[in-house]
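Colleague: My structure is below; once you've seen it, I'll send some questions.
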Ligand SMILES: [Zn+2]
């Protein structure tokens, strides 16, 4: 399929895929930091450039946007009706790429965790805290 996105569209799309520091990412980072976790962010040398890297726990965390990363059975990942085929290919490509990155990370000894946008966006503060608490437990638990 020809790549019909303009450069500007593509760069917007890519920044949406890898938003440098979305509100959700900031929330997760600061909530983890408050719980005493220390981490690096967007470590470029690791596959997929994980959003949060916790060397002490050999754990990486991806904060995934539901649409771009194709969250299964999630309302927020519903594809637009127009240019359906384009979006299906685009998003399934992202899913395949994410899976490859996760496998490469696991192969080199990292635990790979994902926190989805829908568990945080438009949620009450207590729901958000609960989502981060569950992430925190997963970070601490042995693989
Ligand atoms: Zn979702």
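Numbering (our numbering), first residue to last: 9 to 151. Think of the CB as a built atom: it goes at the ideal place given N, C-alpha and C, for glycine as much as any other residue.
Counting by C-beta, which residues lie closer than 5 Å to a heavy atom of ligand 1, in chain order?
Modeller: Taking each Cβ in turn, the ones that pass are 74, 79, 82, 84, 124, 126.
Colleague: Please report the Cβ distance between residue 71 and residue 36, rounded to the nearest whole angstrom; I am assuming they are in contact, meaning their Cβ atoms lie under 8 Å.
Modeller: As a working note, residue 71 is residue 63 in the chain shown. As a working note, residue 36 is residue 28 in the chain shown. Sure, about 6 Å apart at Cβ, within 8 Å.
Colleague: Which parts of the region 67 to 108 are runs of the beta strand (DSSP E), unbroken and 3 residues or longer, counting only runs that do not cross its ends?
Modeller: Taking only runs of at least 3 residues, the beta strand (DSSP E) segments lying wholly in the region 67 to 108 are 67 to 72.
Colleague: Put residue 144 into one of helix, strand or coil per three-state DSSP.
Modeller: Position 136 of the chain shown, counting from 1, holds the residue named residue 144. Helix at residue 144.
Colleague: What does the alpha-carbon distance come out to for the pair residue 64 and residue 119?
Modeller: By one-based count along the chain shown, residue 64 stands at place 56. By one-based count along the chain shown, residue 119 stands at place 111. Going by the C-alpha atoms only, they are around 11 Å apart.
Colleague: Assuming residue 66 and residue 126 make a contact with CB atoms under 8 Å, what is their CB distance in whole Å?
Modeller: Stepping through the chain shown from its first residue, residue 66 is reached at position 58. Stepping through the chain shown from its first residue, residue 126 is reached at position 118. About 27 Å; that fails the 8 Å criterion.
Colleague: Determine the burial state of residue 55: buried for a count of at least 16 other Cβ atoms within 10 Å of its Cβ, exposed for fewer.
Modeller: Translated into the one-based positions of the chain shown, residue 55 becomes position 47. Buried, since its Cβ has 16 or more Cβ neighbours within 10 Å.
Colleague: Between residue 135 and chain C, is the shortest Cβ-Cβ distance under 8 Å, so that the two count as touching?
Modeller: Annotation note: the requested chain C is absent from the structure, which comprises a single protein chain.
Colleague: Looking at C-alpha atoms only, which residue of 83, 44, 59 is the closest neighbour of residue 129?
Modeller: Position 121 of the chain shown, counted from the start, is the residue given in the question as residue 129. Of the candidates 83, 44, 59, the one whose C-alpha sits nearest the C-alpha of residue 129 is 83.
Colleague: Would you mind stating whether residue 143 and residue 121 have Cβ atoms separated by less than 8 Å?
Modeller: Taking the chain shown and counting its residues from 1, the one referred to as residue 143 is at position 135. Taking the chain shown and counting its residues from 1, the one referred to as residue 121 is at position 113. For residue 143 and residue 121, yes; Cβs fall inside 8 Å.
Colleague: Measure the C-alpha to C-alpha separation of residue 172 and residue 57 and round it to an integer number of angstroms.
Modeller: Given a span of 9 to 151 for the chain in the structure shown, any question on residue 172 remains unanswerable.
Colleague: Grouping DSSP H, G and I as helix and E and B as strand, with all else coil, what is residue 51?
Modeller: In the chain shown, counting from the first residue as 1, residue 51 sits at position 43. Looking at residue 51 - three-state DSSP - the assignment turns out to be coil, as it is neither helix nor strand.
Colleague: In whole angstroms, what separates the C-alpha of residue 145 from that of residue 109?
Modeller: By one-based count along the chain shown, residue 145 stands at place 137. By one-based count along the chain shown, residue 109 stands at place 101. Computed Cα separation, rounded: 23 Å.
Colleague: For residue 93, is the classification buried or exposed, using 16 other Cβ atoms within 10 angstroms of its Cβ as the cut-off for buried?
Modeller: Within the chain shown, the letter at position 85 stands for residue 93. Exposed.
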